[in-house]
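*Asks:*
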Amino acid sequence: MTSEKKVNLSFEFFPPKTDVGQEKLKTVRAELNKLNPDFFSVTYGASGSTRDNTKGIIKAMRNEGLSVAPHLSFGGDHEETLYEMVDEYKNCGVNRIVALRGDMPSGMGAAMQMVYANELVAFIREKFGDHFHLCVAAYPEIHPEANSYLQDIRYLKGKFDAGANSAITQYFYNPDAYFYFVEQCTKEGIDAPIIPGIMPITNYQNLARFSDACGAEIPRWIRKRLEDFGSNQESLQSFTTDLVTELCETLLENGAPGLHFYTMNQIEPTRNIITNLGLTD
Ligand code: FAD
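Quick note on my numbering: the sequence shown kicks off at 8 and runs consecutively.
#1: Rounded to whole angstroms, what's the CA-CA distance from tyrosine 162 to cysteine 99? Just pull it up for me.
#2: Which residues have a Cβ closer than 5 Å to any heavy atom of ligand 1, listed in chain order?
#3: Taking C-beta to C-beta, are phenylalanine 246 and methionine 206 nearer than 9 Å?
#4: Whose CA, out of Lys41, Pro23, Thr61, Lys24, lies closest to the CA of glutamate 275?
#5: Quick check on DSSP: helix, strand or coil for glycine 204?
#6: What is the DSSP secondary structure of phenylalanine 139, counted as helix, strand or coil?
#7: Specify, as a first and last residue, the run of the alpha helix (DSSP H) that alanine 67 falls within.
#8: Closest to isoleucine 131 by C-alpha separation, out of Tyr51, Ile149, Arg103, would be which residue?
#9: Measure the C-alpha to C-alpha separation of asparagine 154 and isoleucine 160 and round it to an integer number of angstroms.
#10: Can the beta-carbon of glycine 82 be found closer than 9 Å to that of serine 54?
#11: Can you grab the Cα-Cα spacing for the pair glycine 72 / glutamine 158, in whole Å?
#12: Pull up the CB-CB distance for glycine 136 and threonine 176, whole angstroms please, since I reckon it's below 8 Å.
#13: Who does histidine 267 pair with in a DSSP beta bridge?
#14: Mind checking who threonine 34 pairs with in its DSSP beta bridge?
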């Protein structure tokens, strides 16, 4: 595939818990920055568990001149706490936020001020006007707690009505699920970009566990093929790089507005796919 048109790329990191992980992430972002992404995003642990860590990495990346988007969820936080954090981001030159409800540990519900992500979007818009580009989460295979397919899309529409600018999707391996979803979103009046989230595959067991929890489907034929590789990492990498490259090609050829990579703080899996796609200069 050749890159006649610039493809919008973004790369997601999680905040490492250790000093070694923090150091490694510096190398990872320096290498991935060579692929010319539009921005990097940094996740936010359930109910603010990575608050300082996420903030610290975002500030360090801003000091390196990188374009960054902190993820933000509200957990049990009061509006003042959220306001202070968003204000701090604004003051260090952040102009994009990924606004989420977040995955809550059980028992959190009663303490919460806000309940759904549309409320966080509305809050940031009310307090900070148009300063931030706000991304929200979307689920082509539908959020695991959703009452119904269409209702989930209508709630997504609610996030746009509250002021979101774009959405990034949960990862998926079936492009039809994405295209059908985008079609249904259009029918429900959503015309903002819905950027596919891409998860390179590096470890089958971890992926299977995570996918079950977040409602992302790994098609049976892929599961079966991945099981075959066992501990043969080389064969697994080769198969999964081709698989995810083909997924990205199909998405881009059929109009996806960009690609957001869940990098898992690794260089090679994402870089290999982008190189295969011919998106490197
Ligand atoms: P919401 O949009 O609030 O939706 C949650 C559920 O409630 C859905 O089932 C929806 O159908 C329903 N719903 C929505 N609005 C309403 C309403 N008004 N009334 C009734 N029901 C409603 N999690 C983290 O903890 N940290 C992260 O950094 C993080 N980053 C993510 C990035 C991306 C791109 C994606 C796709 C997910 C991410 N997540 C993260 C996971 C996300 O927080 C969870 O999937 C969470 O369960 C839902 O978050 P949301 O913002 O989609 O919630």
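Beta carbons are placed, not taken as given, at the ideal position from N, Cα and C, and that holds for glycine.
*Replies:* Let me spell this out:
#1: Between the C-alpha atoms of tyrosine 162 and cysteine 99 there is a straight-line separation of about 31 Å.
#2: In chain order, the hits are Thr50, Tyr51, Ala53, His78, Leu107, Arg108, Gly109, Asp110, Tyr123, Ala124, Ala144, His150, Glu152, Ala153, Asp159, Tyr162, Ile175, Gln177.
#3: Contact flag unset, no.
#4: Among Lys41, Pro23, Thr61, Lys24, the Cα nearest to that of glutamate 275 belongs to Lys41.
#5: DSSP places glycine 204 in strand when its eight states are reduced to three.
#6: When DSSP states are grouped into helix, strand and coil, phenylalanine 139 belongs to the coil group.
#7: According to the DSSP assignment, alanine 67 belongs to the alpha helix (DSSP H) that extends over 58-70.
#8: Comparing alpha carbon positions, the residue from Tyr51, Ile149, Arg103 closest to isoleucine 131 is Arg103.
#9: The alpha-carbon of asparagine 154 is positioned some 11 Å away from that of isoleucine 160.
#10: Cβ atoms of glycine 82 and serine 54: closer than 9 Å.
#11: Looking at the two C-alpha atoms, the distance is approximately 40 Å.
#12: Not quite, the Cβ-Cβ distance comes to about 27 Å (not below 8 Å), so this is no contact.
#13: Ser17, Gly204, per the DSSP bridge assignment.
#14: None, per the DSSP bridge assignment.
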